[in-house]
Amino acid sequence: MLFRSPDGPIAFAGTTAGCFASTDGGIRWEPRNTGLTSPYVQALAASPNFAKDRTLYAGTLGSGVMRSTNAGLSWSAIDFWQGPVAVTSVAVAVDGENDTVVLAGTASGGIFRSSNAGRTFSASNFGLSDLAILAIATSPSFAADEVAFAVTNDGLHRSTNGGRAWRAVDRGLTSEAIQAIAFSPSFSDDGVVLASTEDQGIFRSADRGTSWKSASNGLENQSINAVWFSPTYDSDRTVFAGSAGNGVYRSTDGGASWHRTSGDGIEATAVMAIASDPTNAVVIAGAHQGGLWR
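Take the sequence shown: its position 120, counted from the start at 1, is 330 in our numbering, and no numbers get skipped.
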């Protein structure tokens, strides 16, 4: 529930006390909760055109999806046809028609899809046998490939038609307890995806999610909550992973091997989310009941 916006020095964090923003690389944070009818923000996602439209989407525990068009300064509710739901995950992308697609995963109602920036949603669960959605991620080249992944209690599912239909992809995955999915920034060329799991570390796919291999060399803790590719991954091959009790791990070889970072007690922290700026000068980690680390 933490990320760095694509237009520079502003970071956002979703917490049990609402949305917070930092404009100084995570040193100081200010609440941005005006209009939030539920303070429990379980997911945050930015419009791919955030630098121009300043639009954010928040998935909340009891009020469904909230939207802000002014970088979180104020929020308004988005109506689902069946009423407010508990939203666990949100992903936003632009398709080949230049429409903003929003995918919202819910705690018990599956996935809802919007092709008009969230003005209207419809259920999009074809191929899913479990409607408890734990995570959603969209390809960085979504406009061309329409690839998305969804995590449920029974494993990983992939869509190749923009989230309209889903199919299980688990060849080589020996764990169904997937925590997070991350795409290589060069996914359109290298097809690399990483999946972090609750009990068996990290798995890597180099064929767009069709097959998977373990990528946990060096991980002392096999319970990994979050994984994040460096924005400059093409040149530095850097990836970060957040563990459940051992802080942050870093790989500088694309996930082939991992080394635990150090600093002021974060080694004993359960890290739930990670973000870094385009130069990796600043890395921000969100911890379970432990606030934010920088």
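From the three backbone atoms N, C-alpha and C, an ideal C-beta is built for every residue, glycine too.
- When Cβ pairs closer than 8 Å are counted between the two stretches, the stretch 342-359 is seen to touch the stretch 305-313, the count reaching three or more.
- In chain order, Ser453, Ala454, Gly455, Asn456 place their CB closer than 7 Å to the CB of Asn431, counting only its own chain and leaving out the 5 sequence neighbours on each side.
- Straight-line spacing of the CA atoms in Ala451 and Gly428 works out to 12 Å.
- Within its own chain, the residues whose Cβ lies closer than 6 Å to the Cβ of Ala327, once the five positions on either side in sequence are excluded, are Thr310, listed in chain order.
- A residue is called buried once 16 or more other Cβ atoms fall within 10 Å of its Cβ, and Ala390 is buried on that count.
- For the pair Val458 and Phe336, the Cα-to-Cα distance works out to about 36 Å.
- Beta-bridge annotation (DSSP): Pro241 is paired with Phe230.
- By the criterion of at least three beta-carbon pairs nearer than 8 Å, the stretch 234-244 is not in contact with the stretch 255-265.
- Here Thr298 is buried: its Cβ has 16 or more other Cβ atoms, across all protein chains shown, within 10 Å.
- The beta carbons of Thr370 and Val357 sit closer together than 9 Å.
- In the DSSP assignment, Ser406 falls outside any alpha helix (DSSP H) and within the unbroken beta strand (DSSP E) covering 403-407.
- Exclusion of the five residues before and after Phe331 leaves Phe290, Phe322, Ser324 as the residues of its chain whose Cβ lies within less than 6 Å of its Cβ.
- Beta-bridge annotation (DSSP): Val300 is paired with Ala314.
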